[in-house]
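Structure first, commentary second.
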Amino acid sequence: DAGVIQSPRHEVTEMGQEVTLRCKPISGHNSLFWYRQTMMRGLELLIYFNNNVPIDDSGMPEDRFSAKMPNASFSTLKIQPSEPRDSAVYFCASRSRPGGFFSYEQFFGPGTRLTVL
Amino acid sequence: QQQVKQSPQSLIVQKGGISIINCAYENTAFDYFPWYQQFPGKGPALLIAIRPDVSEKKEGRFTISFNKSAKQFSLHIMDSQPGDSATYFCAATMTSGGSNYKLTFGKGTLLTVNP
């Protein structure tokens with residue numbers, strides 16, 4: 007089992023540049039989540055996709071952030087233009103269709119550590 | 003309010019001791035309470051979870067205690083080991099309704115177990 011795959015693992019960029027983070031969810035999972043983790047705010051849900059459709063993007067900080075899921079096996083989170091306050095660890099997580107006690111488990115990827123200078 | 007308050011922020015325990023992390027929630031519609039464990043450089047991973055129809059759930063050295071009337075739940079790690087050193091997050095969600103995807107996380111507890 008490959009688990010959730012994220013790339014890149016580390017990204018260092020300069021303010022104003024475009025950043026694209028990538029995620030491959032676990033095969034067969036139909037829900038995908040993007041989170042941001044910082045010391046100050048903890049784990050924040052940015053956006054939730056169900057069957058490739060964005061359902062809840064209320065956590066996306068502002069218009070500089072956008073996310074897509076063109077198919078069941080790939081999603082991107084884009085920041086354009088990036089700012090130093092976007093520096094954080096970004097996690098992608100996936101989940102299967104709820105149907106039993108543990109089907110609410112979200113499987114997290116290893117994260118992308120983003121540093122915006 | 004969809005908040006989950008977690009304490010303490012950090013905890014240092016000696017090897018063999020008991021680690022206790024507490025969480026409190028406000029939304030009485032929450033009915034699934036997982037704990038996630040996160041090692042440095044890794045994503046969080048499910049450790050143990052409980053539904054409010056039971057007051058305790060045990061898996062090995064890890065136990066969740068649940069107090070529905072107080073809207074509190076806690077994680078107990080018995081015989082704590084240096085390998086348990088990690089950040090622990092409590093979380094809560096509703097398993098029915100339109101928000102059954104949304105895990106509300108606590109801020110996390112950094113546990114250090116000294117050898």
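The listed protein sequences derive, respectively, from chains A and B. In terms of the working numbering, the numbers along the first sequence are unbroken and rise by one, the last being 123. In terms of the working numbering, the numbers along the second sequence are unbroken and rise by one, the last being 117. A virtual CB, placed ideally from N, CA and C, is assigned to each residue, including glycine.
With contacts defined by Cβ atoms closer than 8 Å, Y38 (chain B) and L49 (chain B) form a contacting pair. Here F91 (chain B) is bridged, per DSSP, to B:Y38. The C-beta of F75 (chain B) comes no closer than 8 Å to any C-beta of chain A.
The three-state secondary structure of G85 (chain B), taken from DSSP, is helix. For L13 (chain B), the enclosing beta strand (DSSP E) covers residues 12-16.
Neighbours of E111 (chain A) in chain B, taken as residues whose beta carbon is under 8 Å from its own, are P36, L48, A51 in chain order. Taking all protein chains in view, the Cβ of L49 (chain A) is crowded by 16 or more other Cβ atoms within 10 Å, so the residue is classified as buried.
The contact set of P60 (chain A) on chain B, defined by CB atoms closer than 9 Å, is empty, because the minimum CB distance reaches about 12 Å. Using a Cβ-Cβ cut-off of 8 Å, S81 (chain A) does not count as an interface residue toward chain B, since no Cβ of chain B sits closer than that to its own. For E24 (chain A), there is no enclosing beta strand (DSSP E), as DSSP gives it neither H nor E. Not a single CB atom of chain A sits nearer than 8 Å to the CB of F64 (chain B). Taking C-alpha positions only, P14 (chain A) is separated from S67 (chain B) by approximately 39 Å. Non-local C-beta neighbours of Q86 (chain A) in its own chain, meaning closer than 7 Å and more than five positions away in sequence, comprise E24, R70, ordered along the chain.
Around Y27 (chain B), no beta-carbon contact reaches into chain A at under 7 Å, the shortest distance being about 15 Å. For the stretch 87-99 of chain B, the set of positions with a beta-carbon nearer than 9 Å to some beta-carbon of chain A reads F91, A93, T95, T97 in chain order.
For F107 (chain B), the neighbours in chain A by C-beta distance under 8 Å run, in chain order, G48, L49. In the three-state reduction of the DSSP assignment, D92 (chain A) falls in the helix class.
Taking 8 Å as the threshold, the shortest C-beta distance from F114 (chain A) to chain B falls below it.
The C-beta of K70 (chain B) comes no closer than 8 Å to any C-beta of chain A. A direct Cα-to-Cα measurement between P117 (chain B) and A88 (chain B) gives close to 14 Å.
In this structure, A:Y41 is the residue among A:V59, A:Y41, A:S102 with its C-alpha nearest to the C-alpha of S93 (chain A). Here S81 (chain A) is actually not in contact with F97 (chain A); their C-beta atoms are around 12 Å apart, not less than 8 Å.
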